[in-house]
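Asks: As you go down the protein sequences, you meet chains A and B in turn.
Each residue of the first sequence is one higher than the last, beginning at 6 in this note's numbering.
Each residue of the second sequence is one higher than the last, beginning at -1 in this note's numbering.
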Amino acid sequence: MTRTRTRLLAGLGVLTLTAALAACSTGTTDAGDDAATTPAAAEADALDITDPWVKAADEGMTAAFGTLTNDSDADVRIVSATSEVTSSMELHEMATGDDGAMVMRQKEGGFVIEAGATHELSPGGDHLMFMNLTTPVQPGDDVTVTLTAEDGSTFEFTAPGRSYSGANEEYDGGEHGEGDMEMDMETEHADS
Amino acid sequence: MTGSDKAVPVRRGASRRAFLQGGAAALGGAALALGGRAAVDAAAAEPPPPPVPPVDATGTATVPFRGARQPGVDTVPQAFAALVALDLVDGVDRDALVRLMGIWTDDVERLMAGRPGLADTEPELATIPARLTVTLGYGPGVFTAAGLEHRRPTWLRPLPAFGIDRLEDRWNDGDLLLQVCADDDVTVTHAVRLLVKEARTFATVRWVQRGFRRAPGTEKPGTTMRNLMGQVDGTRNLDPAVDPDLVWHADGSRGWLVGGTSMVVRRIAINLDTWDELDRSGREEVVGRRLDTGAPLTGTREHDEPDLEAKGPNGFEVIGTFAHIRRSRTDDPEQRFLRRAYNYDAAPVPGALSDSGLLFVTFQADVDRQFVPIQQRLDELDLLNQWTTPVGSAVFAIPPGARDGEYLGQGLFDA
Chain A
6 MTRTRTRLLA
16 GLGVLTLTAA
26 LAACSTGTTD
36 AGDDAATTPA
46 AAEADALDIT
56 DPWVKAADEG
66 MTAAFGTLTN
76 DSDADVRIVS
86 ATSEVTSSME
96 LHEMATGDDG
106 AMVMRQKEGG
116 FVIEAGATHE
126 LSPGGDHLMF
136 MNLTTPVQPG
146 DDVTVTLTAE
156 DGSTFEFTAP
166 GRSYSGANEE
176 YDGGEHGEGD
186 MEMDMETEHA
196 DS
Chain B
-1 MTGSDKAVPV
9 RRGASRRAFL
19 QGGAAALGGA
29 ALALGGRAAV
39 DAAAAEPPPP
49 PVPPVDATGT
59 ATVPFRGARQ
69 PGVDTVPQAF
79 AALVALDLVD
89 GVDRDALVRL
99 MGIWTDDVER
109 LMAGRPGLAD
119 TEPELATIPA
129 RLTVTLGYGP
139 GVFTAAGLEH
149 RRPTWLRPLP
159 AFGIDRLEDR
169 WNDGDLLLQV
179 CADDDVTVTH
189 AVRLLVKEAR
199 TFATVRWVQR
209 GFRRAPGTEK
219 PGTTMRNLMG
229 QVDGTRNLDP
239 AVDPDLVWHA
249 DGSRGWLVGG
259 TSMVVRRIAI
269 NLDTWDELDR
279 SGREEVVGRR
289 LDTGAPLTGT
299 REHDEPDLEA
309 KGPNGFEVIG
319 TFAHIRRSRT
329 DDPEQRFLRR
339 AYNYDAAPVP
349 GALSDSGLLF
359 VTFQADVDRQ
369 FVPIQQRLDE
379 LDLLNQWTTP
389 VGSAVFAIPP
399 GARDGEYLGQ
409 GLFDA
């Protein structure tokens, strides 16, 4: 119970979206009661994913998609992701950039999978971003991805590579102080 | 008002019960001996109306994907078909083929269940399965690319050249074959698009042949198809339930092919312009069957056995020596195969009225033993050859089905 509250308060500091907070605190009252009587489980144990897949790419950036589920009665916050085929990963969302166009950018505070809910990762929406492939992802390859929850627990899944022409969103890296670094995910375009 | 409305069904029910009891009693001892239930049934008289299928029953129907054999062979032919042959791109090896098989297995299983493919960009088009089946075949090139020549069936090669052939390379051969069939053409089109684009790093499209039969719900189930010459076509077809060994490989000597079969695709152009010049009796003599019923010229019903010995008043055979049904049969019961043909009607070349024909698709355990001898007989003599011309030809090995946890072709690549 205490741990859950602490996590939420930590979330408060990062998030400024009051609507999301209201939803969170409503959910936690019940979760807190349960937590008082049962031992606290690792947060990531509640996670599962259906229909995961990765856009095949030879190099550079690519992304993974799927439907995350949280079958516990407490929200789970995913704070980071890793994979052996990329030097780093980020949790991305789509947002309106300064010029009014949709761009993808790192999601502040990570992905919150609400208690008992699903969270769609899709082209044009939230997604798991491979920042720089060190191994090509070929169509039909199985790629292992590890998600880390706020308590440090992890959830690992395997996603098959698929040929896909979409998911070419502009990357707005400006929020991380890296300047206006716009990248094209589609390596074919980068080559041409 | 309310009170009387409410009273009506009660009174109606009571009177119906009284009638049923009275009826049963009136039937006397014989009816009572049948038992109370029979007496009541007899008295109730009116049979319940037949169940009305939902209006979208054609669209929601599915064919199981998982099993020892692939679907789309002994599946009752759907209304629409697309045959897609692909060629492997350079560098595709056994590992790459295994990856492609994994992708196609996953997508086919989803699509046949009416679910979108994994990376489906038009998921709404996947929601009407309409008995969709996808049947995968391998040309000789798969065995070469995978370094598995020693597992290639001996019959997996182009058919011998026939004198009647006017083959065009654009309809011949192929490394991979997808037979996509459904009772809805949008479903077929979507499935083809998804499967081809998910394979685009492995293979390029060599040819696509689209075919059709009568639309679902337009004729009684079990009706033999008609080709575009107007003939009942496929009357004496092999029944895979009666002769499974003529269709499916059961011989363990080629372990990976047990539960598989072979597929021959012949694109047969029909010259409808010269066919138009023939009157009905002439048309019936060409095949040896009547146009209206499909009955042999010596019979009255479609499935009557033709009497090949019968002579007409002039002393000639009623079913001519040149007739298609005489030429297409032999005394060897092994020389038969499962036909699963579709009509085609393509855009004509400038100046022509039409480009119509038949996608002659057959399944048999052994092409050389079952198909080739018949084709040789027809090549030697068959009056139908005057109006029909094979313009495309391809042979494929159809691997067994994917059982739970397997990918298509696993027995070939993993063994």
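Every residue gets a Cβ at the ideal spot worked out from N, C-alpha and C, and that includes glycine.
Anything in the stretch 153 to 182 of chain A with a Cβ closer than 9 Å to a Cβ of chain B? List those residues in chain order, please.
Replies: Pro165, Gly166, Arg167, Ser168, Tyr169, Ser170, Gly171
Asks: Quick one: list the residues of chain B neighbouring glutamine 111 of chain A, beta-carbon separation under 7 Å, in chain order.
Replies: Going along chain B, no residue has its Cβ under 7 Å from glutamine 111 of chain A, so there is no contact; the nearest lies around 24 Å.
Asks: Based on Cα-Cα distance, which residue from A:Asp156, A:Phe160, A:Val148 lies nearest to glycine 166 of chain A?
Replies: A:Val148
Asks: Going by CA-CA distance only, name the one from B:Tyr405, B:Pro397, B:Thr291, B:Thr56 that's closest to tryptophan 246 of chain B.
Replies: Relative to tryptophan 246 of chain B, the option among B:Tyr405, B:Pro397, B:Thr291, B:Thr56 whose CA is nearest is B:Pro397.
Asks: Comparing alpha-carbon positions, which option in B:Val96, B:Leu98, B:Leu356, B:Pro121 lies nearest arginine 108 of chain B?
Replies: B:Pro121
Asks: Comparing alpha-carbon positions, which option in A:Ala47, A:Ala86, A:Leu52 lies nearest histidine 132 of chain A?
Replies: A:Ala86
Asks: Please confirm whether arginine 92 of chain B and alanine 400 of chain B have their CB atoms less than 8 Å apart.
Replies: no
Asks: Confirm, please, whether the CB-CB distance from glutamine 76 of chain B to aspartate 181 of chain B is below 8 Å.
Replies: yes
Asks: Give me the Cα-Cα distance between aspartate 163 of chain B and asparagine 137 of chain A, rounded to the nearest whole angstrom.
Replies: 55 Å
Asks: Within its chain, find whatever has a CB closer than 6 Å to the CB of leucine 95 of chain B; leave out the 5 residues flanking it on each side and keep chain order.
Replies: Ala144
Asks: Which residues in the same chain as serine 168 of chain A place their Cβ atom closer than 6 Å to its Cβ, once the five residues preceding and following it in sequence are excluded?
Replies: Ala61, Pro144
Asks: In angstroms with no decimal places, state the Cα-to-Cα distance between valine 393 of chain B and aspartate 171 of chain B.
Replies: Going by the C-alpha atoms only, they are around 7 Å apart.
Asks: Judging by CA-CA distance, which residue of B:Thr233, B:Leu192, B:Pro371 is the nearest neighbour of proline 114 of chain B?
Replies: In terms of Cα proximity to proline 114 of chain B, the closest of B:Thr233, B:Leu192, B:Pro371 is B:Leu192.
Asks: Are the CB atoms of leucine 176 of chain B and asparagine 341 of chain B nearer to each other than 8 Å?
Replies: no
Asks: Using 8 Å as the limit for Cβ to Cβ distance, is glycine 145 of chain A near chain B?
Replies: It does; some Cβ of chain B falls within 8 Å.
Asks: Using a Cβ-Cβ distance cut-off of 8 Å, determine whether leucine 270 of chain B contacts chain A.
Replies: no
Asks: Could you spell out the range, first to last residue, of the beta strand (DSSP E) harbouring leucine 236 of chain B?
Replies: Looking at the DSSP string, leucine 236 of chain B is not in any beta strand (DSSP E), and its letter there is neither H nor E.
Asks: By the criterion of Cβ-Cβ separation under 7 Å, what are the contact partners of leucine 176 of chain B in chain A?
Replies: The contacting residues do not exist; leucine 176 of chain B stays about 16 Å from chain A at best.
Asks: Determine the closest residue to alanine 222 of chain B out of B:Glu196, B:Gly286, B:Thr291, B:Val256, with distance taken between C-alpha atoms.
Replies: Residue 222 of chain B is actually threonine in this sequence, not alanine. With distances taken between Cα atoms, threonine 222 of chain B lies closest to B:Thr291.
Asks: For the stretch 53 to 68 of chain A, enumerate the residues whose C-beta is nearer than 9 Å to any C-beta of chain B, in chain order.
Replies: Asp56, Pro57, Trp58, Lys60, Ala61
Asks: Chain A partners of glutamate 107 of chain B, CB-CB under 9 Å?
Replies: Within chain A, no residue comes near glutamate 107 of chain B; the closest Cβ sits about 12 Å away, beyond 9 Å.
Asks: Which residues, taken in chain order from the stretch 182 to 205 of chain B, show a beta carbon closer than 7 Å to some beta carbon of chain A?
Replies: Lys195, Glu196, Arg198, Thr199
Asks: Please determine if the stretch 366 to 375 of chain B and the stretch 310 to 317 of chain B are in contact, where contact requires at least 3 C-beta pairs separated by less than 8 Å.
Replies: no
Asks: Quick one: grab the DSSP three-state call for proline 45 of chain B.
Replies: coil
Asks: Starting from the C-beta of alanine 164 of chain A, find all residues in its chain whose C-beta is less than 7 Å away, skip the five residues before and the five after it, and write them out in chain order.
Replies: The beta carbon of alanine 164 of chain A lies closer than 7 Å to those of Pro57, Trp58, Val59, Ala69, Gly71, Val148, Val150 in the same chain, with the five residues before and after it left out.
Asks: Who are the Cβ neighbours of threonine 500 of chain B in its own chain at under 8 Å, not counting the five residues just before and after it?
Replies: Residue 500 of chain B lies beyond the stretch modelled for chain B, which goes from -1 to 413, so this question has no answer here.
Asks: Are there three or more Cβ pairs, one per stretch, closer than 8 Å when the stretch 266 to 278 of chain B is compared with the stretch 377 to 396 of chain B?
Replies: Verdict: yes, contact present.
Asks: How would you call valine 240 of chain B, buried or exposed, if buried means at least 16 neighbouring beta carbons within 10 angstroms?
Replies: exposed
Asks: DSSP state of glutamine 68 of chain B, grouped into three classes?
Replies: coil
Asks: Tell me whether aspartate 249 of chain B sits in a helix, a strand or coil according to DSSP, three-state version.
Replies: coil
Asks: Have a look at arginine 375 of chain B and arginine 324 of chain B and give me their C-alpha separation to the nearest angstrom.
Replies: 10 Å
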